[in-house]
Amino acid sequence: LAVLWALGPNARMLLRESRPARTGLLLATAAGLLLHITMDFLNSYGVHPFYPFKPDWYYGDMVFIVEPVFWVAFGVPLALSVHSRARWVLVAGLFGALAYFAMHGFLNWGSFEALAALGGAIAVLRIMHMHSRRALALALALAICVTFVGVQLAASQAGRAQLTRHLATLDPSSRVVDIAMTAFPAQPLCWSYASVEANESNATYRLRRGTISVAPGWLPVEGCPPALQSRGGGESHWEGSLSTLRELAAHNCELNAWLRFARIPQVDREVASDQRFAATPRGNFTTLEMADPGKRACPQGVPQWGMPRADLLAGGGGAH
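Numbering-wise (our numbering), the sequence shown opens with residue 255 and increments by one.
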């Protein structure tokens, strides 16, 4: 708003003279902020929107972090609103990028074909109403995106229930603490997951990672995009000590700060990593090399977010 006021003399004049313009700009700004937080909530990274009044994290576990359905649904009508031949270059660039991701295993070809059909339908509608009902294509895009989020929510819940039963079968003595569900792009049937189980009687906790299809009869897990599947394929697991985790959290200030973000913490005396991000192409950006307390200065200005795994550290609290 400050940049607009400082660098836009026409906008400044309009805002001075028009109350509806001022109201509209403020409403658009507030809507943009709320939409940003809401969209961030949809993935498995999490948000803490009520901090500092309420430090808890909230995770939607529904939509891929850069979801191509959104790109196509809104990108096509926006590109076609450009009043020059460049509109077709923009549309071609969008689908060229999607084809690139499909060729490199980040998107399966069935999803690409569905996205192409979706983009074509929106383009036809936009062109048919180029000079009359211009908002129709955007209204359709919004309806498609809302419907898609609903489908993803149902698929995420089905996958979590399926995994909860699976984990209980593997080890009935452990308690399932959390399952982080990460969507695949434009593919509601494919999910990667990272789970936390606790066994208080043995003072241990276990992490598992893997890929599932919520409807393997329609699409086996082998048909999910390979570039986003867990490295090595199949399910992997790791077991750690609750007493070690609690000791380090209490006495290592760097780890204590790190645990205010980590949802699936793999922690030993050498290294800590959040297993939500173990399969990223560039490696796990959350990895923290553990130093002996006192060798490095404690981090300053650490926000007092709630610890997602407070339920492992002291009981109570935790993620939503």
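Quick reminder that beta carbons are idealized off the backbone N, C-alpha and C, glycines included. None of the values given here were measured: they were computed from a predicted structure.
Option in the options with minimal Cα separation from residue i
i	options	result
alanine 533	Ala481, Ala437, Met357	Ala481
arginine 523	Leu542, Phe531, Gly329	Leu542
leucine 509	Glu321, Arg550, Arg536, Phe531	Arg550
arginine 204	Gly373, Leu296, His491, Phe402	Lying before the first or after the last residue shown, residue 204 is absent from the chain, which here runs from 255 to 574.
alanine 446	Tyr312, Gln483, Asp425	A small fix is needed here, since residue 446 is serine in this sequence, not alanine. Nearest C-alpha to serine 446: Gln483.
aspartate 425	Met293, Glu451, Cys507, Ser467	Glu451
cysteine 507	Ile376, Cys478, Asp528, Gly555	Gly555
valine 323	Leu287, Glu367, Leu288, Ser338	Glu367
arginine 460	Pro479, Leu396, Asp528, Gly477	Asp528
tryptophan 363	Pro479, Ile433, Ser338	Pro479
valine 320	Ala412, Ser338, Arg339, Phe295	Phe295
glycine 359	Glu476, Asn264, Glu501, Pro557	Glu476
Straight-line Cα distance separating residue j from residue i
i	j	result
glycine 572	alanine 511	Because the pLDDT at glycine 572 is just 45, under 50, the model does not fix this residue reliably, and the point stays unresolved.
glycine 494	isoleucine 398	43 angstroms
glutamate 454	alanine 415	23 angstroms
glycine 569	proline 474	Annotation note: pLDDT 49 at glycine 569 (below 50); position unreliable, coordinate value reported separately. Using only the alpha carbons, I get a separation of about 38 angstroms.
arginine 266	leucine 258	8 angstroms
phenylalanine 318	alanine 437	5 angstroms
proline 553	threonine 277	42 angstroms
histidine 574	valine 345	At histidine 574, the pLDDT of 49 sits below 50, so the modelled position is not reliable and the matter cannot be decided from this model.
methionine 544	histidine 505	12 angstroms
phenylalanine 515	glutamate 271	46 angstroms
glutamate 489	aspartate 546	32 angstroms
threonine 465	arginine 380	38 angstroms
serine 335	arginine 341	7 angstroms
leucine 255	tryptophan 311	29 angstroms
alanine 260	alanine 275	17 angstroms
alanine 503	alanine 526	11 angstroms
proline 562	leucine 390	42 angstroms
alanine 564	alanine 393	42 angstroms
threonine 458	methionine 357	42 angstroms
serine 449	glycine 350	35 angstroms
histidine 290	glycine 314	14 angstroms
proline 306	phenylalanine 539	26 angstroms
arginine 339	leucine 513	51 angstroms
histidine 337	asparagine 264	22 angstroms
alanine 395	leucine 288	19 angstroms
glutamate 501	glycine 262	56 angstroms
methionine 382	glycine 374	12 angstroms
phenylalanine 304	glycine 413	28 angstroms
proline 557	arginine 273	38 angstroms
valine 378	serine 427	57 angstroms
Distance CB(residue i)-CB(residue j) smaller than 8 angstroms
i	j	result
phenylalanine 355	leucine 348	no
serine 365	alanine 440	yes
alanine 327	leucine 269	no
proline 309	tryptophan 559	yes
valine 521	leucine 499	yes
leucine 369	leucine 352	yes
methionine 435	serine 467	no
leucine 566	valine 430	no
valine 343	isoleucine 376	no
isoleucine 518	arginine 536	no
methionine 316	leucine 407	yes
isoleucine 433	leucine 443	no
One or two residues paired with residue i in a DSSP bridge
i	result
alanine 448	Ala434, Arg463
tryptophan 492	Leu461
asparagine 453	Thr458
serine 527	Gln520
leucine 542	Ala526
tyrosine 312	Val301
arginine 429	Ala452
glutamine 441	Phe438
Any C-beta of chain D under 8 angstroms from that of residue i
i	result
proline 309	The structure shown contains no chain D; it holds only a single protein chain.
(request) Indicate whether the contact test is met: 3 or more Cβ pairs, each with one atom in the stretch 420-432 and one in the stretch 286-303, closer than 8 angstroms. (result) Proximity of the stretch 420-432 to the stretch 286-303 falls short of the contact definition, fewer than three beta-carbon pairs being nearer than 8 angstroms.
(request) Please confirm if the stretch 401-408 is in contact with the stretch 271-288, defined as three or more CB-CB distances below 8 angstroms between the two stretches. (result) no
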